[in-house]
Every structure is written in C-alpha cells, then in structure tokens.
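Protein chains: 2
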Amino acid sequence: MNQRDRVPTAFLRPTPSELGILRVLWRLGPCTVREVHEALSAEEKTGYTTVLKFLQIMHGKGLVERDETRRAHVYKARLAQRQAQRLMTSQLVDGVFDGSMSKLVMAALGDSGPATPAELAEIRELLDKLERGET
Amino acid sequence: MNQRDRVPTAFLRPTPSELGILRVLWRLGPCTVREVHEALSAEEKTGYTTVLKFLQIMHGKGLVERDETRRAHVYKARLAQRQAQRLMTSQLVDGVFDGSMSKLVMAALGDSGPATPAELAEIRELLDKLERGET
DNA sequence: CCCAAAACACGAAAGGCTTCGTAGTTCTTC
DNA sequence: GAAGAACTACGAAGCCTTTCGTGTTTTGGG
Numbered sequence: 045m046n047q048r049d050r051v052p053t054a055f056l057r058p059t060p061s062e063l064g065i066l067r068v069l070w071r072l073g074p075c076t077v078r079e080v081h082e083a084l085s086a087e088e089k090t091g092y093t094t095v096l097k098f099l100q101i102m103h104g105k106g107l108v109e110r111d112e113t114r115r116a117h118v119y120k121a122r123l124a125q126r127q128a129q130r131l132m133t134s135q136l137v138d139g140v141f142d143g144s145m146s147k148l149v150m151a152a153l154g155d156s157g158p159a160t161p162a163e164l165a166e167i168r169e170l171l172d173k174l175e176r177g178e179t
Numbered sequence: 045m046n047q048r049d050r051v052p053t054a055f056l057r058p059t060p061s062e063l064g065i066l067r068v069l070w071r072l073g074p075c076t077v078r079e080v081h082e083a084l085s086a087e088e089k090t091g092y093t094t095v096l097k098f099l100q101i102m103h104g105k106g107l108v109e110r111d112e113t114r115r116a117h118v119y120k121a122r123l124a125q126r127q128a129q130r131l132m133t134s135q136l137v138d139g140v141f142d143g144s145m146s147k148l149v150m151a152a153l154g155d156s157g158p159a160t161p162a163e164l165a166e167i168r169e170l171l172d173k174l175e176r177g178e179t
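Protein chains in written order, with our numbering: chain A, 45 to 179; chain B, 45 to 179.
Quick look at the structure:
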C-alpha cells in the first residue's frame, strides 16, 4: 500500500463492530486480542476468535497497526480518536448538512440536552477566539 | 414520543448509495424513479433499474414512502432532512465523541475553516438563548 | 521432553449491498 | 388494435460483513 495513503479509505465508513473495537483501543491504548475481547465482553457477548478475526481484517484494511514481536500480537488504532472525529464529522457534514459545518453546530447545540454551563462557557470562549483570531 | 417505529432502524446506517438518493429526495421533494435517476445521473453513472431497485429496497426498509396511485410511483423520504440530521448527529456523538455533544461542537468549530461572521453571530445568539432560556 | 493452555490462521456459512439483465405490464399514438 | 415506449417486478452474480469452528503453532511448567 501507498505510504502516502495516510488515511485509509476504510475509515470513511467503519462498521459498528469496527467502531466498537476502535473505541476500546482509543480508551485503553495498544491492546492484545485478549484485552480487547475482555473489554468488549463487558458490553456485548462476542467470541474470542470473532474479535481476533475483526482485528485481522481491520489490520488488512489499515484501520489498525500490529506489533508482532511478541507472541500475543499488540494492536493499535491507526488513527487517533481526534483524527477519526475530524474525518467522520466532515463525512457527516457532506452527507446530510449540505456541506455546512455551521448547520451541524446549530443542530448539535439545538438538539442536545443543552450542554452544561461549563461546556457552554467553553464553547463561547472558542467562539471569541475564532472571532478575534482569524478572519 | 414513541408512537410506532417512527424512525426506521435502517436510518441508523444509511449506505452511501442510499444517502445519495435521499439527498435527491430532500432537494427535489417527492420524485418518480425517472426523476431521481436523472438527478443522480448528473454526478454518477447509474442504470435506471439500479435506482429503481434501490428505491424498492429502501421502501422495504421504510426509508422512503411510495405513492402508487399513478403508474409511475412517486417516492418520498420518510424522514425530513432535519430529522436525519438529528439522528445521524447523535449517532456520531455516541460513536466517536464519547457521547459528548459539546465535544462535537468544539471539534466542528475548531476544524472547519472558521465559519463566516454571520454564522458565528448566529451561533452566539443560539448560545445566549440556551444560557438564558431553557435548562 | 511432553502436555495443556494460549495464541494465531484459515475457511466457511449466512446475510446484506450493489449492480444489472430480463421479462412482464400498462400506456400512447398512429 | 398493434407497435413501441415507459414502468415495475424479479432474480442472480459478485463482493463485503459478521460470526464462529477447527486446526496448527508456540510456550511455560512438571
């Protein structure tokens, strides 16, 4: 595969199962299959080999990296959570918000059980910075 | 709030093709297969019967409604774009933002080429309303 | 050294997505 | 009223996802 392919195209549409595994990897950092399986078992009933197979497939797709130096391979998310957030957010914006990021923000603010005051303040601060800093 | 499967579960994960069709229906309103096909053909090369089949399948899934009173059936998106935005946004928030809507907002505001001043003002106004009005 | 436990690889089945081709039905126009 | 256009329905092929079961390899303890 091309080294410049920094963002695997598979990331454009991770399946729910893949996301579940990625979430574990983001939360716990690099993990063996067993560790992922145990973390996942807390919520869903999944066979060990199912998780193994997923990680193998995800490795094939470039969604995760694999360290094979030890017997129990260690898997690691290829993209940081931040990057995945960026990607998938712009996916969503393109898909259903007519490409308008601010429509997304409006919808999110309007729909959410309104964020806590602290969060609102944080957002406001970011707005200030945006209005001053750039433009 | 739960009348009777108001939101088809298929909406939780529309495929790219399905989204393409839904976007046409949102933009043009209720359409015949031919109309959808023509709108879609502007961007992609798709066979007429392919579009027909998609609409049939989407009808089966409950993604679209169908008026059969005329020979050329008329299809209509089951959910308004606004509702789809709501749904898919909260999907995204659950999936990669640890359930935090404000994290999404922060990411969107931070990543986007900063919105126009008018948009920023609009967002700020909504913030004000949130902080005062509801809780 | 041998065995059980732990780990990986592989394959396969069931179901979903995508894409059409073909066949049958209804409408329009001479 | 027959020919052809415009529609719908159906089925099938090829590929992807999800889920395991089996089989093989490695390893640590007795």
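Glycine residues also receive a C-beta, built at the ideal position from the N, C-alpha and C atoms.
Between residue i and chain B, is any beta-carbon pair separated by less than 7 Å?
{"i": "I101(A)", "result": "no"}
{"i": "V140(A)", "result": "yes"}
{"i": "Q127(A)", "result": "no"}
{"i": "S146(A)", "result": "yes"}
{"i": "A86(A)", "result": "no"}
{"i": "V149(A)", "result": "yes"}
{"i": "L69(A)", "result": "no"}
{"i": "L72(A)", "result": "no"}
{"i": "F55(A)", "result": "no"}
Does the beta carbon of residue i come closer than 7 Å to any beta carbon on chain A?
{"i": "D155(B)", "result": "yes"}
{"i": "A152(B)", "result": "yes"}
{"i": "L63(B)", "result": "yes"}
{"i": "V51(B)", "result": "no"}
Please report how far the alpha carbon of residue i lies from the alpha carbon of residue j, in whole angstroms.
{"i": "K173(B)", "j": "F98(B)", "result": "42 Å"}
{"i": "A86(A)", "j": "V108(A)", "result": "22 Å"}
{"i": "Q47(B)", "j": "R67(B)", "result": "Residue placement at Q47(B) cannot be trusted, given a pLDDT of 46 that sits under 50; the coordinates are not used to answer."}
{"i": "E88(A)", "j": "E82(A)", "result": "10 Å"}
{"i": "R71(A)", "j": "A124(A)", "result": "11 Å"}
{"i": "L131(A)", "j": "T113(B)", "result": "43 Å"}
{"i": "R122(B)", "j": "A152(B)", "result": "28 Å"}
{"i": "E166(A)", "j": "Q127(B)", "result": "27 Å"}
{"i": "L84(A)", "j": "M150(B)", "result": "28 Å"}
{"i": "M45(B)", "j": "R168(A)", "result": "Low per-residue confidence applies at M45(B): pLDDT is 44, beneath 50, and the placement is therefore not dependable enough to give any value."}
{"i": "Q135(A)", "j": "A54(B)", "result": "18 Å"}
{"i": "G91(A)", "j": "G91(B)", "result": "41 Å"}
{"i": "G104(A)", "j": "P58(A)", "result": "14 Å"}
{"i": "D111(B)", "j": "V137(B)", "result": "35 Å"}
{"i": "E79(A)", "j": "Q100(A)", "result": "15 Å"}
{"i": "L69(B)", "j": "Q129(B)", "result": "15 Å"}
{"i": "S22(A)", "j": "T160(A)", "result": "Because chain A is modelled from 45 through 179, residue 22(A) falls outside the range shown and cannot be assessed."}
{"i": "E175(A)", "j": "L171(B)", "result": "15 Å"}
{"i": "G73(A)", "j": "G64(B)", "result": "36 Å"}
{"i": "L148(B)", "j": "G177(B)", "result": "22 Å"}
What residue range is occupied by the uninterrupted beta strand (DSSP E) comprising residue i?
{"i": "A121(B)", "result": "118–121"}
{"i": "E166(A)", "result": "Per DSSP, E166(A) belongs to no beta strand (DSSP E); it is in the alpha helix (DSSP H), 161–177."}
So residue i packs on residue j, CB below 8 Å; how close in whole Å?
{"i": "V77(B)", "j": "L96(B)", "result": "5 Å"}
{"i": "E163(A)", "j": "S61(B)", "result": "Not confirmed; about 36 Å, so no contact."}
{"i": "D155(B)", "j": "T133(A)", "result": "7 Å"}
{"i": "G139(A)", "j": "P52(A)", "result": "Rounded, the Cβ-Cβ distance is 19 Å, inconsistent with contact."}
Would you kindly report the start and end of the unbroken alpha helix (DSSP H) that includes residue i?
{"i": "E82(A)", "result": "77–85"}
{"i": "R110(A)", "result": "First-last for R110(A): 108–111, but that is the beta strand (DSSP E), not the alpha helix (DSSP H)."}
{"i": "S61(A)", "result": "60–72"}
{"i": "R130(B)", "result": "125–140"}
{"i": "G104(A)", "result": "92–105"}
{"i": "S146(B)", "result": "145–155"}
For the ligand GTP, is there any heavy atom lying closer than 6 Å to the beta carbon of residue i?
{"i": "R67(A)", "result": "The model depicted lacks the ligand GTP and carries no ligand whatsoever."}
**Asked** Which residues, taken in chain order from the stretch 164–179 of chain B, show a beta carbon closer than 8 Å to some beta carbon of chain A?
**Response** L164, E166, I167, R168, L170, L171, L174, E175, E178, T179
**Prompt:** Taking Cβ-Cβ distances below 7 Å as the criterion, which residues of the stretch 111–137 of chain A are in contact with chain B?
**Reply:** Q125, A128, Q129, R130, M132, T133, L136
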